[in-house]
Each structure stands twice: as C-alpha cells, then as structure tokens.
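Residues in the sequence shown are numbered consecutively from 1, following full-length UniProt numbering.
Idealized CB from N, CA, C, for every residue including glycine.
For reference, the structure discussed in these notes is given below.
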Amino acid sequence: MRLTIVDYGVIIKRGDKTIHCFGYKYPEDDDLVPNEERIDSCLLTDLNFDGIKEDVLFYLGSFGASGTKHFDACVWNPNTEHYEQN
Numbered sequence: 001m002r003l004t005i006v007d008y009g010v011i012i013k014r015g016d017k018t019i020h021c022f023g024y025k026y027p028e029d030d031d032l033v034p035n036e037e038r039i040d041s042c043l044l045t046d047l048n049f050d051g052i053k054e055d056v057l058f059y060l061g062s063f064g065a066s067g068t069k070h071f072d073a074c075v076w077n078p079n080t081e082h083y084e085q086n
C-alpha cells in the first residue's frame, strides 16, 4: 500500500487500485494551527501489530504547555477491506 496526499484528502492505493479516499478536516479552534501549518501530514504505519503498514495516523498537532502530540487513527480491517476510525 502507498498513500498520496491531495489537498486536504488522502488516497490509499495498492498498486494502481484505489483502496480508500479520506477527505479530512481538522477540528476548528480559534487558537489551533493544525500540524504547525503542515495540514497534509499523515503516516502509513502498523497500529494493530499485524506486521503490515496499512493503518493511517493523521497528525492533528501538539497542544498545551507539554506539547502533547494528537493523532486520529484509522485501522485497516482485512475482513471488510475498509478502514475503521478509532
């Protein structure tokens, strides 16, 4: 699998076949600058420990005095062949 970032969306492909398209919107907050102005940042990684980097993390930014990083996660379900947001 590979990911391609298009505007505020992410397209996941396996070879030439599109597996999933994410339209993505960051939470609205007067003080929030999403991802330090890098709105297109996401990671294709292994979140469910199955050994395959097919899950997606969307970096939301770091907030507060501690700079804690926040992510939204989508895990690939091989049974349904769809992503589930967690």
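Compute the Euclidean distance between the alpha carbons of G67 and E81, then round it to the nearest angstrom. Against the sequence shown, residue 67 aligns to sequence position 67. Against the sequence shown, residue 81 aligns to sequence position 81. In a straight line, the C-alpha of G67 is about 35 Å away from that of E81.
Burial state of D7 (16 or more Cβ within 10 Å): Against the sequence shown, residue 7 aligns to sequence position 7. Low per-residue confidence applies at D7: pLDDT is 49, beneath 50, and the placement is therefore not dependable, though the value from the model is reported in the following sentence. With fewer than 16 other Cβ atoms within 10 Å, it is exposed.
Would you tell me roughly how many angstroms separate the C-alpha atoms of D46 and F63, rounded to the nearest one? Mapped onto the sequence shown, residue 46 falls at position 46. Mapped onto the sequence shown, residue 63 falls at position 63. Each residue's alpha carbon lies about 25 Å from the other.
Going by the DSSP bridge assignment, what does D72 pair with across the sheet? Your numbering for residue 72 matches position 72 in the sequence shown. DSSP lists F58 as partners of D72.
Selected residue, minimal CA-CA separation from S41, among H20, I19 and K69: Taking the first residue of the sequence shown as position 1, residue 41 is located at position 41. Comparing Cα positions, the closest option is K69.
Closest to P78 by C-alpha separation, out of K53, A65, L60 and Y59, would be which residue? Mapped onto the sequence shown, residue 78 falls at position 78. Nearest C-alpha to P78: K53.
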